[in-house]
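*Asks:* Protein chains in written order, with my numbering: chain A, 929 to 1074; chain B, 929 to 1074. Backbone N, C-alpha and C fix where the C-beta goes; we use that ideal spot for every residue, glycine too. What follows is a single structure, and I will ask about it in a moment.
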DNA sequence: CCTAAACAGGATGTCAATGTCCTGTTTCGG
DNA sequence: CCGAAACAGGACATTGACATCCTGTTTAGG
C-alpha cells in the first residue's frame, strides 16, 4: 500500500523530529531506524529536493529538519517521496466520465482522499506527543532492569 | 496506491456484474475494460484461485461470477489479487512494540483499516445501483448537446 | 470424431523500485 | 593548507509488477 521508501522517509523524519533541532548524521539515522545507509542517503536527497530537510556536508554536518515539527505533516513526507495519486480523471479515458468519476473510481478516490486527510491532519509534533506507550523508533525501557 | 492489477480486476468484476449471470469471454472483457487481453487472462486466473469467478473452456465458455453481486464486495476483489497488508507488528521489529504499535505505525495502519472498511462495505450491486450519471466502464450516451 | 472456440500456462521481455558500491566533492578544524 | 568527516551521485545488481507471445488442453457442437 505504502512504498518502502515512504516508510523509510517517515522513520527518518520522525528520528529527526525527536532530536530536533540538532542535525543527525545519515549513518546515525540509518542505524536508529534500521534503514540501509546507502539507500537512506538517496531518500534524504529526495526529501531535500522538496525542502523538507537540510543536508550539510563536512565535519559536524548532517541532516536536519528544514521546518518546525509543528508545521510538518505526515502528508508532507509521503507526498515528497511517493505522492498520493488521486484519481482525477477516468482511468479508462471515457470522455463522458471526465471529471465526474463513475461509482467505482469515485469510491477508490474517496479512499485515497480519506488517507490524504488523515495524513494531512497529523503533524510530527502530534505524532511525538501521542500518549502511546511505544515511542516511535525506540525500544521501551525494560521495567525491571536498567 | 492501488496496483494496476487491482484496477484491472475491479474493472473485470464490474463488467461481469453488469452482465451477470451471463458468462463473458476474456476477449470481450478485455475490450470493454481496456485491459491487455493476455494479462487479463492471468488476472482472471488469480480471481479463480480465490473462487471469485468461474472459467469455462471451449465453445460457449467464458468467465462468470462465482457468487452473487450482492455478496461480492470491493474488498473481496482487492484482497484476491493484491491483499491490503495491515500493519500487525512493528516494522522495525522492536520487541516492546510488538502488537502495540507506536503512534506512527498506528496511524498508518488506521489509514489502511479505513480503506478496508470502506471497501468491505460496498458490494458490487451497490456499485451498479449508485445514482451516478457515469456508469462504470460505459460511455454515456451523447445527448446531442453538452 | 473432428474442429473451431476458448481458456491454460510456460517462456520471455521491459521497467521501475529497491538496494549496494565506489569514487568525487565539500567543509570544518587544526 | 591539509586531511578527515560527511554528503553527492553515478554505476550497477536484484527483484517483482506488468505485459506479450506462443503452444497446449479442454469443450461444445456439427
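#1: Reducing DSSP to helix, strand and coil, say where residue 1065(B) ends up.
#2: Mapping DSSP to helix, strand and coil, what is residue 992(A)?
#3: Please work out which residues of its chain come closer than 8 Å, Cβ to Cβ, to residue 954(A), disregarding the five sequence neighbours upstream and downstream, and give them in chain order.
#4: Can you check DSSP and say which residues form a bridge with residue 980(A)?
#5: Between the C-alpha atoms of residue 1015(A) and residue 986(A), what's the straight-line distance to the nearest angstrom?
#6: Report yes or no: is there a C-beta of chain B within less than 9 Å of the C-beta of residue 947(A)?
#7: Determine the contact status of residue 940(A) and residue 1006(A), defining contact as a CB-CB distance below 9 Å.
#8: Between the beta-carbon of residue 946(B) and the beta-carbon of residue 1059(B), is there less than 9 Å?
#9: Our contact map puts residue 1034(A) next to residue 1050(B) with C-beta atoms below 8 Å; I'd like the distance itself, whole angstroms only.
#10: For a quick check, are the C-beta atoms of residue 980(A) and residue 1004(A) less than 9 Å apart?
#11: Taking just the CA atoms, how far does residue 1008(A) sit from residue 950(B)?
#12: Is the Cβ-Cβ distance between residue 1041(B) and residue 1002(B) less than 9 Å?
#13: Tell me which same chain residues have a C-beta within less than 8 Å of the C-beta of residue 934(B), skipping the five on either side of it?
#14: Using 8 Å for Cβ pairs, my map puts residue 1022(A) next to residue 944(A). What's the rounded Cβ distance?
#15: Quick one: what's got a C-beta closer than 8 Å to residue 1013(A)'s C-beta in the same chain, skipping five residues either side?
#16: Please identify, using Cβ separations under 8 Å, the residues of the region 1037-1051 of chain A that lie next to chain B, in order along the chain.
#17: Quick one: what's got a C-beta closer than 7 Å to residue 952(A)'s C-beta in the same chain, skipping five residues either side?
#18: Are the C-beta atoms of residue 1007(B) and some chain A residue less than 9 Å apart?
#19: Going by DSSP, what residues sit across from residue 1001(B) in a beta bridge?
#20: Is residue 957(B) close to chain A? Criterion is C-beta to C-beta, closer than 9 Å.
#21: Below 8 Å on the Cβ atoms is my guess for residue 1000(A) versus residue 1052(A); work out the distance and round it to an integer in Å.
#22: In the region 957-983 of chain B, which residues sit with their C-beta less than 9 Å from some C-beta in chain A, listed in chain order?
#23: Nearest-angstrom Cα distance between residue 974(B) and residue 1046(A)?
#24: When we look at the beta-carbon of residue 963(B) and count the other beta-carbons within 10 Å, is it buried (16 or more) or exposed?
#25: Is there a Cβ of chain A sitting closer than 9 Å to that of residue 1058(B), yes or no?
#26: Less than 7 Å between C-beta atoms, sequence neighbours within five positions excluded: which residues of the same chain meet that for residue 978(B)?
#27: Could you say which of 1031(B), 959(B), 995(B) lies nearest to residue 976(B) if we only look at CA atoms?
#28: Quick check on residue 959(A): buried or exposed, where buried means 16 or more other Cβ atoms within 10 Å of its Cβ?
*Replies:* Reading it off the structure:
#1: Within the second chain, numbered from 1, the residue matching residue 1065(B) stands at position 137. Coil, per DSSP.
#2: The count along the first chain starts at 1 and reaches residue 992(A) at position 64. Three-state DSSP puts residue 992(A) in a strand.
#3: Your numbering for residue 954(A) matches position 26 in the first chain. Within the same chain, residue 954(A) has close Cβ partners 965, 968, 969, 972, 990, 991.
#4: Reading the first chain from its first residue, position 52 is the one you call residue 980(A). Partner(s): none; residue 980(A) has no beta bridge.
#5: As a first step, residue 1015(A) is located in the first chain; it is residue number 87 there, counting from the start. As a first step, residue 986(A) is located in the first chain; it is residue number 58 there, counting from the start. Each residue's Cα considered, the two are about 43 Å apart.
#6: Along the first chain, read from residue 1 onward, the residue named residue 947(A) stands at position 19. No, residue 947(A) does not count as interfacial toward chain B.
#7: Position 12 of the first chain holds residue 940(A). Position 78 of the first chain holds residue 1006(A). Pairing residue 940(A) with residue 1006(A) gives a Cβ-Cβ distance that is not under 9 Å.
#8: Position 18 of the second chain, counted from the first residue, corresponds to residue 946(B). Position 131 of the second chain, counted from the first residue, corresponds to residue 1059(B). No, they are not a contact pair.
#9: Here the question's residue 1034(A) lines up with position 106 in the first chain. Here the question's residue 1050(B) lines up with position 122 in the second chain. Not quite, the Cβ-Cβ distance comes to about 11 Å (not below 8 Å), so this is no contact.
#10: What you label residue 980(A) is simply residue 52 of the first chain in a count that begins at 1. What you label residue 1004(A) is simply residue 76 of the first chain in a count that begins at 1. Closer than 9 Å, so yes.
#11: Numbered from 1 along the second chain, position 22 holds the residue referred to as residue 950(B). Numbered from 1 along the first chain, position 80 holds the residue referred to as residue 1008(A). Each residue's alpha carbon lies about 46 Å from the other.
#12: Translated into positions along the second chain, residue 1041(B) becomes position 113. Translated into positions along the second chain, residue 1002(B) becomes position 74. Note that the C-beta distance between residue 1041(B) and residue 1002(B) is not below 9 Å.
#13: Working through the second chain from its first residue, we reach residue 934(B) at position 6. The residues are 1005, 1006, 1009, 1010.
#14: Counting from 1 along the first chain, the entry for residue 1022(A) is found at position 94. Counting from 1 along the first chain, the entry for residue 944(A) is found at position 16. With a Cβ gap of about 45 Å, residue 1022(A) and residue 944(A) do not count as contacting.
#15: As a position in the first chain, residue 1013(A) is number 85, starting the count at 1. So the list reads 1040, once near-sequence residues are dropped.
#16: 1038, 1039, 1040, 1042, 1043, 1046, 1047, 1050
#17: For the purposes of this step, residue 952(A) is taken as residue 24 along the first chain, with counting starting at 1. Within the same chain, Cβ atoms closer than 7 Å to the Cβ of residue 952(A) are found at 943, 944, 990, 991, the five residues on either side in sequence being excluded.
#18: Position 79 of the second chain holds residue 1007(B). It does not: the Cβ of residue 1007(B) has no partner Cβ on chain A nearer than 9 Å.
#19: Translated into positions along the second chain, residue 1001(B) becomes position 73. Within the DSSP bridge table, the entry for residue 1001(B) names 1051(B) as partners.
#20: Locating residue 957(B) in the second chain gives position 29, where the first residue counts as 1. Residue 957(B) does not count as touching chain A.
#21: Mapped onto the first chain, residue 1000(A) falls at position 72. Mapped onto the first chain, residue 1052(A) falls at position 124. Contact holds; Cβ gap of about 5 Å.
#22: 961, 962
#23: Sequence index remark: in the second chain, residue 974(B) carries index 46 (1-based). Sequence index remark: in the first chain, residue 1046(A) carries index 118 (1-based). In a straight line, the C-alpha of residue 974(B) is about 32 Å away from that of residue 1046(A).
#24: For the purposes of this step, residue 963(B) is identified with residue 35 of the second chain, where counting begins at 1. Classification for residue 963(B): buried.
#25: Counting from 1 along the second chain, the entry for residue 1058(B) is found at position 130. Yes, because at least one Cβ of chain A sits closer than 9 Å to the Cβ of residue 1058(B).
#26: Taking the first residue of the second chain as 1, we reach residue 978(B) at position 50. Only 1008 meet the Cβ criterion.
#27: Translated into positions along the second chain, residue 976(B) becomes position 48. Of 1031(B), 959(B), 995(B), the residue nearest in Cα terms is 995(B).
#28: The residue labelled residue 959(A) in the question sits at position 31 within the first chain. Looking at its Cβ environment, which holds fewer than 16 other Cβ atoms inside 10 Å, residue 959(A) is exposed.
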